[in-house]
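K.L.:
Sharing a structure here in C-alpha cells format.
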Amino acid sequence: MNILFIGPYRTTSGWGEGAKHLAKALNTLNHNLAIRPIYMSNEIDGEFNDKELLELEQAQYDNYDIVIQRVLPHLFRRVPQTKNILACVFETSNIHTTPWWRHLSFPDVVLVPSKQEKENLLAEHISSPVYNVSEAIDISKYDKDYEPIPELKNAFNFYFVGEFIERKNVKALLMAFHREFRPNEPVNLVIKTSGNSQQVNNDIFTIKSNLRIYQSMEQYKKEIIICGYISAQHMHNLHRSCHCMVMPSCGEAFCRPVVDALGYGNTPIVTDNTGMTDYINHYNGYIVGSRIEPTYTTQPPLQDIYTAKENWANINVLKLMSCMREVYKAHDLREKLKSQCKKDIQQFSYTNIGQNLQRVIDDITN
Amino acid sequence: MISPIKNIARSASKQESLNILSFICDGYFDSMLCEALPQHNFYGPINDGNKPSGWNFTLCPQPNNFHYIANINQSNIVNKINFDLIICHDRTSQYDIARQFAQALHINTIIVEHIVNTTHLDLISMIPLLKKTKNDINVFIEDITEQFKIPGTIIKYGIPNLKHNNRDDKKNQILVLNLDQPTVDSIQPHISTPIVLYDINNLNPKQYYSLLQKSKFYFNMSAEITRLQLPVLHAMSAGCVVVSMSSPVINNLITHMKNGIIINGMEDLLEVWKNIDNIDTKKISQNANQYIMDNYDPEQFKQQWQNIITLTAKQTYVR
Chain A
1 MNILFIGPYR TTSGWGEGAK HLAKALNTLN HNLAIRPIYM SNEIDGEFND KELLELEQAQ
61 YDNYDIVIQR VLPHLFRRVP QTKNILACVF ETSNIHTTPW WRHLSFPDVV LVPSKQEKEN
121 LLAEHISSPV YNVSEAIDIS KYDKDYEPIP ELKNAFNFYF VGEFIERKNV KALLMAFHRE
181 FRPNEPVNLV IKTSGNSQQV NNDIFTIKSN LRIYQSMEQY KKEIIICGYI SAQHMHNLHR
241 SCHCMVMPSC GEAFCRPVVD ALGYGNTPIV TDNTGMTDYI NHYNGYIVGS RIEPTYTTQP
301 PLQDIYTAKE NWANINVLKL MSCMREVYKA HDLREKLKSQ CKKDIQQFSY TNIGQNLQRV
361 IDDITN
Chain B
367 MISPIKNIAR SASKQESLNI LSFICDGYFD SMLCEALPQH NFYGPINDGN KPSGWNFTLC
427 PQPNNFHYIA NINQSNIVNK INFDLIICHD RTSQYDIARQ FAQALHINTI IVEHIVNTTH
487 LDLISMIPLL KKTKNDINVF IEDITEQFKI PGTIIKYGIP NLKHNNRDDK KNQILVLNLD
547 QPTVDSIQPH ISTPIVLYDI NNLNPKQYYS LLQKSKFYFN MSAEITRLQL PVLHAMSAGC
607 VVVSMSSPVI NNLITHMKNG IIINGMEDLL EVWKNIDNID TKKISQNANQ YIMDNYDPEQ
667 FKQQWQNIIT LTAKQTYVR
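Heads up: the protein sequence lines correspond to chains A and B, in order. The first sequence begins at 1 in our numbering and counts up by one. The second sequence begins at 367 in our numbering and counts up by one.
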C-alpha cells in the first residue's frame, strides 16, 4: 500500500514534534511511505537533519492509497482517488461553534489523540468516523546520559514546559508555587517556554506583583526561566535534572511535555477534564480537579477559536498546592510512581502507535 | 482560504503534465519555453485584462499551452488549478509576488537569470536579493554562476537552425530591425549595399525568418550590455553576417571577423564597408551558423528544461 503523510515535521512547534513522531510510527508499518512537509507557522527547524525522515521525503510513488494530513482542519483538502485521513490535535470543545466543524466532515477518517477529543467530536455528530490514536514518542531517549544543570543541583525541581499563553495557565502554577513554598525551602520552579524572554519576565513580574504574597518582589523565590528554542540535548538535560512536571493547562489534546515527563519518571501533575487524563492516572501521577467554564482568553490563536462558546477546565489551585507539597515530601511514593511511569510510557512507542494506525488503515481499506 | 495540500500531494506523485505559474519574460523566451514543452501548461499572471505590452504577439503568437491570469491576487485560480511550480525572471518585483504564492502553495520556484554579463552590475548590492532566493532553483542562460556566487544550472537559449539551403540565394542587402528611418537614411549614402529596414513589431514569424534567410547582412546597432538579443542569435543562425556595435554581450558572442563583425561606431562601419569585398563573408556566415548550432541547440534546451521542471516539481518544498 502506498501512503503519503503530509505534516509540519520541519517546524519546531509541538505540532512539528507530533508530526515527526507520527511519520516514524507510520514507518514501522510494512507500506510504501512518502512524507512531505507543510508549514503552518514560521517556527521552521533550520537544522532539520533527521536521516529517516529525509529519506522518506525523497520517496515518490505514482499514486497513493491513503493520504494522511496532520493539519489544522481548515487546511484539510480531499486528495482525489485516495482515502483521506485527517490527524488533528486541538483543545477546542463545542467544535460546532467553530468554522472547523464543517471541515471535519470531509475526511474519510478523523484521528484524534485523546478520548476526550473523540467524545467531543462524536457528541457533535461529526459525520466522519473518529478514531482515538495517541501521539507517538521516541521512547528510547529517556535513559540516555545527561549533563546535570548546575542551577538545579541540590534542590527539588518543579518544572513546566509549554507556551506562555493563557490556556497553559502559568498564572495558576505561579500562584500555587509561591503560596505553597517558602523562599527558603530547597525547591525550584523552572519554566521552559517559547517566546521573548523580556516579555515572559514582564508577565511573570506582573502576575507575582498581583499575588501580593510578599511586600517586595525580592522576597519571592526566583523562578528559573528558559526562553526560546533549545536543542534536544538541552531539553533532555532539563528533564533529567527535574523531578515533577506541573501542567495546570486549561485544555490539552495531548501534551507532549507531560508524556515526556512520564518517560523520564518525573511525577506529572495535570488538570482533570483534559486530554492528559488518558495517560496520567493516580498510579503514575496526580490529577488535580478542575471546574469547566466558558473559555476566556485575550490570546486567541485564530480568530474563531477559543471563544467563550467553548469550554476550558480551570484547575483548583488549592488542590494543586497540596499535590505539589505531597510530591515534594513523599520520596518513596514518587519512586513508586516513577516505576509505573516507566511502564506506562511503552504505550507511546512507534511500534505500538504504528499498530494502532494499522487498525485504522485496515478499517478504511477493507 | 488557500491550502497547499493538493499541491503537496501532486508533488509527491508523478505528473505527466505540469501546471506552471510562469511570470512573463519578454514573449520570445516564453514562446520558446512553451513550444519546447508542449505537454505542460503555463499560466502567466498579468495585472489587468490587457495582454502584456512587452510581448510582441505578431512575431511570437501566444502558444496554445500559455494562458493568462488577470489580477492573480484577487483571482480564485489558485484554488482551481493545482500549480506544480513557479518560473520567474527577475529577483525583485516578480520574485516578491512569486514568493508569496510559493509559500502559500508550498511549491518550488525557478528563477531564470537572463543577465549574461555582469561587468556593469553592482553585484555587492545584489547580495541580499541573491540570499533571499537561496532555497530556489536558479537557471542561468550563460555561465555566470561564479560572478553571482550562487549555484545554478546553465541552460542556454535554444535557437532553431535557420540556415538557408543555398547561401548564394541571399540578397546582397543589410537587414535592420531596430533602427529608425532617419538613421538608416543617414547611413545609406555612405554604404553601397542596400539597407532594408523593417519594424520587428509588424513581422510574423514566417516573414521574420524569411527576411533573415534572404539577407546577407544584419545590422545590430543596439549596445545592450547585459542581456542577449534573440534577433542577433536568429540572424547568426540564418547565416547573416552580423555587423554589430561592440558591447560586453556582443563581444562574448562574436569574434571579430570570425563569426561576425564588431564595430565601435559609424567611422568603423564605413571603414569596414570600404573593404567589404575583401572580407570572406561566406566563411563568417558559415561560422556564425555553426556557432549557434554548437552553443544554442534547441534539443538540448528542451531536454534541460524538461529535466529541471520535472525535478523542481517533485523536489520537496523547503522553506
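The beta-carbon is built from N, C-alpha and C at its ideal position, and this holds for glycine as well. Fair warning: this is a prediction, and the values are worked out from it, not measured in the lab.
In three-state terms, what does DSSP make of F158 (chain A)?
P.N.:
Of the three classes helix, strand and coil, the one that applies to F158 (chain A) here is strand, per DSSP.
K.L.:
Closest by CA to K515 (chain B), which one among B:G524, B:N501 and B:K497?
P.N.:
The shortest C-alpha separation from K515 (chain B) is found at B:K497.
K.L.:
Taking the continuous beta strand (DSSP E) assigned at A87 (chain A), which residues delimit it?
P.N.:
Note, A87 (chain A): beta strand (DSSP E), K83 to A87.
K.L.:
Pull up the distance between the alpha-carbon of N169 (chain A) and that of A123 (chain A), whole angstroms please.
P.N.:
Near 27 Å, if we compare the C-alpha coordinates of A123 (chain A) and N169 (chain A).
K.L.:
Inspect the beta-carbon positions of V505 (chain B) and I521 (chain B) and report whether they are closer than 8 Å.
P.N.:
Against a cut-off of 8 Å, the Cβ pair of I521 (chain B) and V505 (chain B) comes out as a contact.
K.L.:
Helix or strand or just coil, what does DSSP make of Q428 (chain B)?
P.N.:
DSSP places Q428 (chain B) in coil when its eight states are reduced to three.
K.L.:
Label I292 (chain A) either buried or exposed according to how many other C-beta atoms from any shown protein chain fall within 10 Å of its C-beta, with 16 as the threshold for buried.
P.N.:
Exposed, by the Cβ-count rule.
K.L.:
Which same chain residues, not among the five before or five after Q469 (chain B), have their C-beta less than 8 Å away from its C-beta?
P.N.:
Hits under 8 Å: R685.
K.L.:
Which runs of the beta strand (DSSP E) at least 3 residues long sit entirely within the region 201-244 of chain A? Give them in chain order.
P.N.:
Within the region 201-244 of chain A, the complete beta strand (DSSP E) runs of at least 3 residues are 224-227.
K.L.:
So, helix, strand or coil for Q539 (chain B), using DSSP?
P.N.:
The answer is strand: DSSP assigns Q539 (chain B) an E or B state.
K.L.:
Cβ of M611 (chain B) less than 8 Å from any chain A Cβ?
P.N.:
No, M611 (chain B) lies away from the interface with chain A (no Cβ there is under 8 Å from its Cβ).
K.L.:
Expressed to the nearest angstrom, what Euclidean distance is found between the alpha-carbon atoms of H23 (chain A) and A330 (chain A)?
P.N.:
Note that residue 23 (chain A) is Ala in the sequence shown, not His. About 39 Å.
K.L.:
For S552 (chain B), which three-state DSSP category applies?
P.N.:
Correct three-state label for S552 (chain B): helix.
K.L.:
Between the C-alpha atoms of I650 (chain B) and N617 (chain B), what's the straight-line distance to the nearest angstrom?
P.N.:
Roughly 15 Å separates the two Cα atoms.
K.L.:
From the DSSP output, which residues share a beta bridge with E479 (chain B)?
P.N.:
E479 (chain B) is bridged to B:F506.
K.L.:
Would you list, in sequence order, the uninterrupted beta strand (DSSP E) runs of no fewer than 3 residues that lie entirely inside the region 251-297 of chain A?
P.N.:
Listed in chain order, the complete beta strand (DSSP E) runs (minimum 3 residues) inside the region 251-297 of chain A are 267-271, 286-288 and 290-294.
K.L.:
Hey, how far is the Cα of G265 (chain A) from the Cα of M235 (chain A)?
P.N.:
Spanning the two alpha carbons is a distance of roughly 15 Å.
K.L.:
Hey, is P494 (chain B)'s beta-carbon within less than 8 Å of any beta-carbon in chain A?
P.N.:
Cβ-Cβ to chain A under 8 Å: no for P494 (chain B).
K.L.:
State the beta-bridge partners of Q69 (chain A) as determined by DSSP.
P.N.:
Q69 (chain A) is bridged to A:I6 and A:L86.
K.L.:
Please name the residue, chosen from A:C250, A:T274 and A:N284, that lies closest to D260 (chain A) on a Cα-to-Cα basis.
P.N.:
The shortest C-alpha separation from D260 (chain A) is found at A:N284.
K.L.:
Run through chain A and tell me which residues come within less than 7 Å of M398 (chain B), C-beta to C-beta.
P.N.:
None at all; the shortest Cβ gap to chain A is about 29 Å.
K.L.:
Take the Cβ of N567 (chain B) as the centre, count every other Cβ of all protein chains shown within 10 Å, and call the residue buried at 16 or more, exposed below.
P.N.:
When all chains shown are included, N567 (chain B) counts as exposed.
K.L.:
Closest by CA to L33 (chain A), which one among A:I287, A:K192, A:I6 and A:F181?
P.N.:
Comparing Cα-Cα distances from L33 (chain A) to each of A:I287, A:K192, A:I6 and A:F181, the minimum goes to A:I6.
K.L.:
Can you check which of these residues, B:Q595, B:K500 and B:K624, is closest to P614 (chain B) by C-alpha distance?
P.N.:
Considering only alpha carbons, the answer is B:Q595.
K.L.:
Excluding sequence positions up to five away, which residues of its chain have a Cβ less than 7 Å from the Cβ of L54 (chain A)?
P.N.:
So the list is empty, once near-sequence residues are dropped.
K.L.:
Does any C-beta atom of chain B lie closer than 8 Å to the C-beta of V367 (chain A)?
P.N.:
Because chain A is modelled from 1 through 366, residue 367 (chain A) falls outside the range shown and cannot be assessed.
K.L.:
Cutting at 8 Å between CB atoms, please list the residues of its own chain near N445 (chain B), excluding the five before and the five after it.
P.N.:
Only I368 meet the Cβ criterion.
K.L.:
Does T475 (chain B) come within less than 8 Å of chain A when only Cβ atoms are used?
P.N.:
So, not an interface residue.
K.L.:
Thinking C-alpha only, which one of B:I503, B:I473, B:T511 and B:I477 is nearest L489 (chain B)?
P.N.:
Checking every option, the nearest Cα to that of L489 (chain B) belongs to B:T511.
K.L.:
Would you mind reading off the limits of the alpha helix (DSSP H) that contains W671 (chain B)?
P.N.:
Start and end: P664 to K680.
K.L.:
Just to confirm the assignment: which complete beta strand (DSSP E) runs, minimum length 3, are found wholly within the region 581-655 of chain B?
P.N.:
Fully enclosed beta strand (DSSP E) runs of 3 or longer: 581-586, 607-611 and 627-629.
K.L.:
Taking only beta-carbon positions, decide if I292 (chain A) is within less than 8 Å of chain B.
P.N.:
It does not; no Cβ of chain B falls within 8 Å.
K.L.:
Determine, using beta carbons only, whether I435 (chain B) comes closer than 8 Å to chain A.
P.N.:
No - not a single Cβ of chain A is within 8 Å of the one on I435 (chain B).
K.L.:
Residues of the region 452-478 of chain B with a CB closer than 7 Å to any CB of chain A: list them in chain order, please.
P.N.:
Correct list: H472.
K.L.:
Mapping DSSP to helix, strand and coil, what is M324 (chain A)?
P.N.:
Note: M324 (chain A) maps to helix in three-state DSSP.
K.L.:
May I ask you to list, following chain order, the residues of the region 88-119 of chain A that have a beta carbon less than 7 Å from some beta carbon of chain B?
P.N.:
Listed by position, the residues of the region 88-119 of chain A near chain B (Cβ gap below 7 Å) amount to none.
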